[in-house]
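Input: a single structure, listed below in structure tokens.
In UniProt numbering, the protein residues as written are 1 to 97.
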């Protein structure tokens, strides 16, 4: 099973590099178009995510503003009975009182 491999004998000049394989120009164009399409889809997805996020933030801020408008103007004051009294600001914990 010991076989020696000998390189094939070629005729002609040895100094010339082999001719590169020629590709059809359409292959390169198709690769560029496919890459650009993938980039556009990814950019559009990120763009839409940012737009949807900003619209959701605007909707939340609008709802909060509309809910708190009467409280801010005094037309509907907040009911303080449902809130616990604030602790003193002396720096001690409520358990230390």
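Note that beta-carbon positions come from the ideal geometry of N, C-alpha and C, so glycine has one too.
Rounded straight-line distance, which links the Cα of residue j to that of residue i
| i | j | result |
| --- | --- | --- |
| residue 37 | residue 76 | 55 Å |
| residue 32 | residue 49 | 26 Å |
| residue 27 | residue 53 | 39 Å |
| residue 80 | residue 57 | 29 Å |
| residue 59 | residue 45 | 21 Å |
| residue 65 | residue 43 | 33 Å |
Beta-carbon gap between residue i and residue j smaller than 9 Å
| i | j | result |
| --- | --- | --- |
| residue 71 | residue 61 | no |
Residue i beta carbon near the ligand MN (any heavy atom closer than 8 Å)
| i | result |
| --- | --- |
| residue 55 | With respect to the ligand MN, the structure shown offers nothing to examine, as it has no ligands at all. |
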